[in-house]
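First up is the structure itself, then whatever we jot down about it.
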Amino acid sequence: MSGISPFSVPKQPPLILVADDDKTIRVLLRKAMEQEGYRVVEANDGKQCLDAYETIKPDIVLLDAVMPVMDGFTCCKHLLQIARNNLISALATFDTDSGLNNTVMSKIWERTPILMITCLDDEESVDRAFEAGATDYVTKPIHWPVLRQRLRRLLQQAQVYKQLEAANQALHHLANVDGLTELANRRRFDDYLNTQWINLAQEESPLSMILCDIDYFKFYNDKYGHPAGDVCLQKVGAVLSLKAQKHHDLVARYGGEEFAVIMPYTPASGAVHVAAAIQAGIKDLQIVHDGSAVSQHVTLSMGVATVVPTWESSPSDLIVRADKALYQAKAGGRDRFTSSS
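Residue numbering for the sequence shown follows my numbering, starting at 1396 and increasing by one per position.
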């Protein structure tokens, strides 16, 4: 894994949305902005501005206060509401998958700066602009050096927010993802299991788990070397991810050559079905393993367990049952799965 590079902020010229009913002003703003190296999209009124905003996702909005159809104050309120709705939507599905914290943080920083440009310079209009959600305010006739400096400042602030978001995503990725397999790591496994335990205890719904162990993996590393062992782990992890396709399922590297699958809302029959699909998927890989005592290819032993969480029990109870079933699968000859009784 290479630091924060997967989340780096794209290096494109800033995109500015200009909304003004005066064509002359729009032309002047476009020329001034393009001379600064910015990209520009124009809108004639507040409604067009909202439509364009949803489509192009600008870096900043230059908004005239007095326009037909929808004035700048009303448009500004709608732009702010869009940002709020996006955040509410992200929070509504919080913690349903491993990357959602990134989504929530992204929505927190998503709000686009709005620079109000108007001929209104009375105190009431200025207050109204900021109450509507404007980030800054300049008056007509436009003082171009002032406008350029304020634009630069607002864009720099927006860039800092994006960099904070990228850094947060990178840190979240490092804290919750196994660097080799790109699966959830043990920390994410523990957090997710605890969260789902509480949710399913409230709903009295089943929670299943599969613990998996690559058979004779130490011998595989000894014979083929650790780089080959790493590739084997990656391929096995990919099969688990493919077979656990439900939105709520979480596949994690549990430790070393061990993997785990957490399956909320999955009864025992469904968990057994997934285990069988995983076993078939590993067989299809046909990874040669001359050091195995059960097959010429890499195989898995799996323990499957299902419970309905309660407030009197704990997540460790499910892990113990799955681990017991895994032990039984190994004792029974490996290359198989066993369900807890």
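For every residue, glycine included, the Cβ atom is placed at its ideal position computed from N, Cα and C.
Looking only at its chain, what residues have a beta carbon closer than 7 Å to the beta carbon of residue 1469, apart from the 5 residues adjacent to it on each side? 1441
Does the region 1460–1476 come close enough to the region 1412–1431 that 3 or more CB-CB pairs lie under 8 Å? yes
Note down, one range per segment and in chain order, each beta strand (DSSP E) of at least 3 residues found wholly within the region 1506–1534. 1509–1513 and 1531–1534
To the nearest angstrom, report how far apart residue 1591 and residue 1559 are at their CA atoms. 29 Å
So, helix, strand or coil for residue 1738, using DSSP? Given that the chain is displayed from residue 1396 to residue 1736, the structure contains no residue 1738 and the question cannot be resolved.
Whole-angstrom distance between residue 1567 and residue 1508, CA atom to CA atom: Whole-angstrom Cα-Cα distance: 26 Å.
Which of the three DSSP states is assigned to residue 1413 in this structure? strand
Is DSSP giving residue 1625 helix, strand or coil here? Note: residue 1625 maps to helix in three-state DSSP.
Find the nearest neighbour of residue 1609 within the set 1598, 1652, 1519 and 1622, judged by alpha-carbon distance. 1652
Helix, strand or coil at residue 1540 [DSSP, three-state]: Correct three-state label for residue 1540: helix.
Around the Cβ of residue 1541, are there at least 16 other Cβ atoms within 10 angstroms (buried) or fewer (exposed)? exposed
Cα separation between residue 1713 and residue 1577? 24 Å
Tell me whether the region 1578–1588 and the region 1683–1696 touch, counting them as touching only if at least three CB pairs, one residue from each stretch, are closer than 8 Å. no
Helix or strand or just coil, what does DSSP make of residue 1504? Residue placement at residue 1504 is poorly supported in this model, since its pLDDT is 44, which falls under 50; the coordinates still yield a value, given next. DSSP, read as helix, strand or coil, puts residue 1504 in coil.
How many whole angstroms separate the CB atoms of residue 1704 and residue 1602, which I take to be in contact at a CB cut-off of 8 Å? 6 Å
Mapping the DSSP letters down to three states, classify residue 1668 as helix, strand or coil. helix
Just to confirm, are residue 1429 and residue 1435 a CB contact at a threshold of 8 Å? For residue 1429 and residue 1435, yes; Cβs fall inside 8 Å.
In whole angstroms, give me the CA-to-CA distance for residue 1565 and residue 1549. 24 Å
In the DSSP assignment, the alpha helix (DSSP H) including residue 1737 goes from what residue to what residue? The question about residue 1737 has no answer here: the residues shown for the chain are numbered 1396 through 1736.
Pull the bridge partners of residue 1703 from the DSSP assignment, please. The partner list for residue 1703 (beta bridge, DSSP) is empty, contrary to what the question assumes.
Measuring only the C-alpha atoms, how far is residue 1737 from residue 1474? Because the chain here runs from 1396 to 1736, residue 1737 falls outside it and cannot be looked at.
Using the Cα positions of residue 1679 and residue 1563, report the straight-line distance between them to the nearest angstrom. 38 Å
Determine the burial state of residue 1400: buried for a count of at least 16 other Cβ atoms within 10 Å of its Cβ, exposed for fewer. Unreliable positioning characterises residue 1400 in this predicted model, as indicated by a pLDDT of 43, which lies under 50. The coordinate reading is nonetheless provided below. Exposed, because fewer than 16 other Cβ atoms sit within 10 Å of the Cβ of residue 1400.
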